[in-house]
Amino acid sequence: MFEQESPKTILFVDDEESILEIATEHFQDLGYRVLTAGNGREAIRIIENSDNVIDCCFTDINMPEMDGLELAEYLRNHDNAIPVVIMTGYPSLDNTLHTLKNGVVDFLVKPVNLEQMTLCLQRILRERELFIKNILLYKELESQKKIEALNRELIYKVDELRVLNRIMSELMSLNTGSEVMRHIVEMATAITPADSAVFYAVSNSLHEPFALTRANREAPPENPANAESAERPDTIPAGLSALIKDIALDETPLIIADTSSHALAHHARSLMGVPLKIRDTVFGVLIAAKTKKNLRFNEKDLYYLSFMVQQAAYLVENLALYENIYENLFATLSALVKAVEARDAYTKEHSNRVKDTAILIAKEYGCSKEEIDVLDFAGRLHDIGKIGIRDDILLKPGRLTDAEYEKIKEHPLIGESIIGQLGLWEREKKIVRHHHEWMDGSGYPDHLKGEDIPLLARILSVADAYDAMMSNRAYRKEMPKTEVLKIMSDGRGIQFDPQIVDIFLTLQSDDRVG
Ligand SMILES: [Fe+2]
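Counting in my numbering, the sequence shown tops out at residue 515, every number present.
This is the structure we're talking about:
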């Protein structure tokens with residue numbers, strides 16, 4: 002330490018001048034700076050002069066004005082760290098205890114010899130040096146701890162920024178709504194310790210939340226088709242379904258760090274759920290689950306997940322609003338259609354064929370390019386509402402009961418509500434709603450008659466009925482083509498618009514429809 006290089010300063014306090022003189026001469030010879038005082042009060046004046054840094058103070062006890070014990074006490078009370086050595090000719094146990102209590106570091110008995118004083122001084126200065134070093138070391142250690150804490154905070158912040166950046170840059174590379182839906186589940190297992198993540202579509206018209214995309218930490222889906230494959234609605238545990246509905250209703254992210262006292266304990270050990278909201282409507286809920294023992298989600302995980310879902314929602318909205326509005330959200334809805342078709346093998350590709358036939362009829366009828374586009378979209382989505390129909394009804398082999406048939410008849414309304422959720426596609430919604438109306442008013446859901454049924458719905462209805470009869474259905478085998486065409490023809494003016502069914506039959510006889 003640098004203190005070693007500058008001379009140490011010693012203060013001698015004694016009312017006997019001869020002692021002061023001898024000590025001064027002796028210690029100056031040894032290289033010390035020596036100050037002297039005749040009593041306690043004088044000593045305090047010297048000590049309190051900021052020019053003097055006193056390294057050690059030797060004091061007599063019995064002195065006029067202020068004695069050595071009072072001086073020691075004063076220094077102690079004023080938080081002065083100067084080591085004090087008491088010298089007295091009348092040592093008593095009382096004095097000794099008193100002085101030691103007052104922070105006096107040593108006690109010399111008069112007559113004190115110079116050798117003894119020197120050794121005592123050297124020891125005190127050595128201890129003092131160690132003491133100062135300790136303080137410095139301690140301070141260094143403290144500041145090191147502070148630096149470490151700051152570093153930890155910095156690493157945490159850098160880590161956080163890294164995750165947020167990753168979310169932003171991954172999302173920005175996506176171009177369609179369905180890509181976003183597929184990516185958010187994969188990202189959920191990458192940015193949080195989730196073992197699995199599932200995005201559930203929710204809607205007032207769906208009885209149960211519907212698993213749209215999913216990802217597992219262990220085995221990420223190689224094939225995007227797998228990611229989109231649908232979980233059958235009846236496989237969602239009741240507790241989870243209720244939780245998803247609650248989150249959608251509250252529109253607030255939720256964390257259940259420990260599910261052990263929760264009904265969902267068998268499903269996961271720790272759970273998070275975040276609603277995805279587009280245009281003030283909750284479109285779905287992302288559920289992240291941890292299944293491993295002793296692992297729990299924390300608030301940071303929920304923060305990352307919420308941030309990602311929120312950014313994904315902005316992105317879906319922006320893609321829909323500013324880019325190709327149809328394709329992007331359509332892709333998302335197509336995933337739903339695929340999900341319906343995945344459940345029901347009989348309707349597989351049904352929607353696409355119906356759309357193709359309907360477009361052929363529409364072109365022949367003389368529909369505009371815009372009308373064809375509307376039909377293209379509505380045709381593909383016309384049965385999307387079947388998502389909301391329970392498997393035991395939708396897939397029932399054999400005849401449906403009246404009650405079951407009433408349920409099936411809800412699908413145009415459910416479909417309209419799903420498409421309508423984003424406040425877009427007014428014309429498409431109408432077609433989906435009315436594709437089962439009959440010309441004579443006996444169809445559903447609104448019993449519209451004749452030209453009250455939108456033209457494009459009348460066209461779709463012809464294409465839909467033909468394809469349905471030509472396909473294997475859950476409740477019957479496909480019918481012979483001649484029989485189907487006869488039913489179509491007989492349906493003129495009853496089920497079908499005569500002009501449209503005639504166009505269709507002409508296309509048939511020209512072999513232009515499959
Ligand atoms: Fe339908």
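For each residue, glycine too, the CB sits at the ideal point set by N, CA and C. Small disclaimer: the values here were computed from a predicted structure and weren't measured.
{"Query": "Residues bridged to C57 (per DSSP)", "Result": "I11"}
{"Query": "Chain-ordered residues, beta carbon under 7 angstroms from a heavy atom of ligand 1", "Result": "H383, D384, H412, P413, H436, H437, D465"}
{"Query": "Beta-carbon contacts of I454 that lie in its chain and below 6 angstroms, excluding the five residues immediately before and after", "Result": "H435, E438"}
{"Query": "Per-residue burial, G380 [other beta carbons within 10 Å of its own, 16 or more giving buried]", "Result": "buried"}
{"Query": "Cα-Cα separation, D16 to Q117", "Result": "20 angstroms"}
{"Query": "Rounded separation between A243 and I237 - CA only", "Result": "10 angstroms"}
{"Query": "E219 versus T292 - alpha carbon distance", "Result": "12 angstroms"}
{"Query": "Cα-Cα separation, E342 to E350", "Result": "7 angstroms"}
{"Query": "Exposed unless 16 or more other CB atoms sit within 10 angstroms - verdict on I419", "Result": "buried"}
{"Query": "Distance CB(V310)-CB(V283) smaller than 8 angstroms", "Result": "no"}
{"Query": "Spatial neighbours of S271 in its chain, beta-carbon cut-off 6 angstroms, leaving aside the 5 residues before and after", "Result": "A258, K291, R297, F298"}
{"Query": "Check whether V14 and D61 have beta carbons under 8 angstroms apart", "Result": "yes"}
{"Query": "Exposure of I1, with buried meaning 16 or more beta-carbon neighbours within 10 Å", "Result": "Residue 1 lies beyond the residue range present for the chain, which begins at 2 and ends at 515; the question has no answer from this structure."}
{"Query": "Residue span of the alpha helix (DSSP H) that contains A24, given as start and end", "Result": "18-30"}
{"Query": "Nearest residue (CA-CA) to S352, options L382, L142, I45, E141", "Result": "L382"}
{"Query": "8 angstroms Cβ cutoff met for V164 and Y315", "Result": "no"}
{"Query": "Residues of its chain near L361, where Cβ-Cβ distance is below 7 angstroms and the 5 sequence neighbours each way are ignored", "Result": "L508, R513, V514"}
{"Query": "Contact test: R391 Cβ vs ligand 2 heavy atom, cutoff 7 angstroms", "Result": "No copy of ligand 2 appears in this structure; the ligands present are ligand 1."}
{"Query": "Contact under 8 angstroms by Cβ, I125 with V113", "Result": "no"}
{"Query": "Member of E452, G386, A239, E365 whose CA lies at the smallest distance from the CA of A264", "Result": "A239"}
{"Query": "Test item: CB-CB of E417 and V375 under 8 angstroms", "Result": "no"}
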